[in-house]
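Residue numbers (UniProt numbering): 1 to 374.
Where is the CB? At the ideal position from N, CA and C, for every residue including glycine.
I have placed the structure first, in the form of C-alpha cells, so that the comments after it can refer back to it.
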C-alpha cells in the first residue's frame, strides 16, 4: 500500500478484508465488465449476476440444508438480518450471545456485542441480549432460565483477542439450543471464508448451526458484501413474504460480480493460501520467542494474535508498527491484544520486514510500565 506522500505500508490491519490483496485484478476486471453491461439494481426485476451468485455461494458453503441466502453490504447487515429472522420465526424477543464477542454496532448487533462502553449511549433502546461464558453447559443453563430466539457466536472471537471456541463446546451449544427450540447462528464474518482456514470454522467443527454469516473478504477486496447462508426453517416467512427484510443495495450486481470472482479466487489460490499460512505461523513463533513482552501468541490460518501485558503496551505496538511501515489491528473487546491479518499475496520480503517491525514495536512497548497508584 502506498500513501499519497509516497510512503509504503505493509497492510496486515485492514480488518480481514483484503485476503486476496487489494483490488485483485480478477475481481476488479469482473466488476468493470458487469458495470459495462448491467444497471444498478431496480429491486423490481431480478438480475442474473445475483441469481448465479446466490446459487454458487450456497454450493460453496456445501451443507445440504444451507440453501437460503440473504445478501448485505456490511457484517452488521448480516447479523441484523439473521437475528431478525430468528425472532420472527420464534416470536421470542430475546437472544443469547457470548462474552468477548463482537457482532457490529447497529442496534441488534450491538446488543449481541460484548462492549458495555459502546452500548451506554443507546442502552434504553437495545434489544434484550444475555451473554454467556465459554462453557459447555452455558447455553443449557441460560435457556433453562428463560427462552431465547437465537444464540449467536463467533467460532473465533476476532475482536475478542482471537480466542477459538473449542469444537466440542460449539457442538454442545448447538445440541442444547436445538433441544430447547433456539436457533444457532455462527458469525464468521471475520474468521470465515478461509481467513482462518476453512470456509466455516463452525461447520468444520461439526456444529450443526442454522446459519453461517460471511463478509469481509467475500467481496474480493473490491466491493462491500456480506451474506446470511441459512436453512428453510430460519428463513421462515421470507419464503412467502420477501419484503419482511429488504435493503436497497442487497444483491447489488457489482457486489455479486465481485463475490463470484472471489469464489473463483478461493478455489484457485489454495496453494498460495497454504504457503502464506505457514509463513504467518513461523512469524508468530519467531516473534514470540524473541520478545519477552508477548504473553500469548497464536496463528489460525491467516489470522494471528499477540497478547501483551497492558492496553497501553498494545496501543504502542499498533502506533510504532504503523510509523515503521506495518499496519496491524487492535482488538475492540480485548484491549491487550493485537491482530495481524495478512493477505495471501504477501511477498517473502514483506514477511521478513513485517517480522522485523513487529519485534521492534514490541520492544518499544516493553519499556512501558504500568502506572502505579500515588
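If you draw a straight line from the Cα of residue 107 to the Cα of residue 151, it is about 16 angstroms long.
For residue 70, the enclosing beta strand (DSSP E) covers residues 68 to 72. If the five residues before and after residue 354 are omitted, its C-beta is found closer than 8 angstroms to the C-beta atoms of 10, 12, 283, 326, 340, 342, 346, all from its own chain and listed in chain order. Cβ neighbours of residue 263 within its own chain (closer than 6 angstroms, five residues either side excluded): 56, 60. Looking at the backbone, the Cα of residue 48 and that of residue 336 are separated by about 46 angstroms. A contact between stretches requires three or more CB pairs, one per stretch, nearer than 8 angstroms, and the region 225 to 236 meets this requirement with the region 206 to 213.
DSSP places residue 17 in the coil class of the three-state scheme, outside both helix and strand.
By the criterion of at least three beta-carbon pairs nearer than 8 angstroms, the region 301 to 316 is not in contact with the region 128 to 141.
Distance between residue 70 and residue 157, taken at the CA atoms: about 23 angstroms. Counting along the chain, the unbroken beta strand (DSSP E) around residue 230 starts and ends at 226 to 230. In the three-state reduction of the DSSP assignment, residue 3 falls in the coil class. Remark: C-beta atoms of residue 75 and residue 189 approach each other more closely than 7 angstroms. As a beta-bridge residue in DSSP terms, residue 305 pairs with 298, 339. For residue 256, the number of other beta carbons within 10 angstroms of its own is at least 16, and it is reported as buried. If the five residues before and after residue 297 are omitted, its C-beta is found closer than 8 angstroms to the C-beta atoms of 284, 285, 287, 288, 304, 305, 306, 307, all from its own chain and listed in chain order. Taking all protein chains in view, the Cβ of residue 117 is surrounded by fewer than 16 other Cβ atoms within 10 Å, so the residue is classified as exposed. Residue environment analysis places residue 146 among the exposed positions, since fewer than 16 neighbouring C-beta atoms fall within 10 angstroms of its C-beta. Around the CB of residue 331, 16 or more other CB atoms lie within 10 Å, so the residue is classed as buried. In this structure, residue 170 places its C-beta atom within 7 angstroms of the C-beta atom of residue 205.
If you ignore the 5 residues before and after residue 68, its C-beta comes within less than 6 angstroms of the C-beta of 230, 235, all in its own chain and listed in chain order. Proximity to residue 113 across 174, 98, 294, 183 peaks at 98, based on C-alpha coordinates. Only exposed fits residue 240, as fewer than 16 other CB atoms lie within 10 angstroms of its CB.
Look at residue 323 here: in three-state DSSP terms it is helix. Around the Cβ of residue 51, a 10 Å sphere holds fewer than 16 other Cβ atoms; the residue is exposed. Per DSSP, the unbroken beta strand (DSSP E) holding residue 183 starts and ends at 183 to 187. With a cutoff of 7 angstroms on beta-carbon distance, residue 92 and residue 129 are scored as not near each other.
No Cβ-Cβ contact shorter than 7 angstroms links residue 17 with residue 222. Within the region 163 to 219, the complete alpha helix (DSSP H) runs of at least 4 residues fall at 167 to 179, 201 to 204. Per DSSP, the continuous beta strand (DSSP E) segment holding residue 131 begins and ends at 128 to 132.
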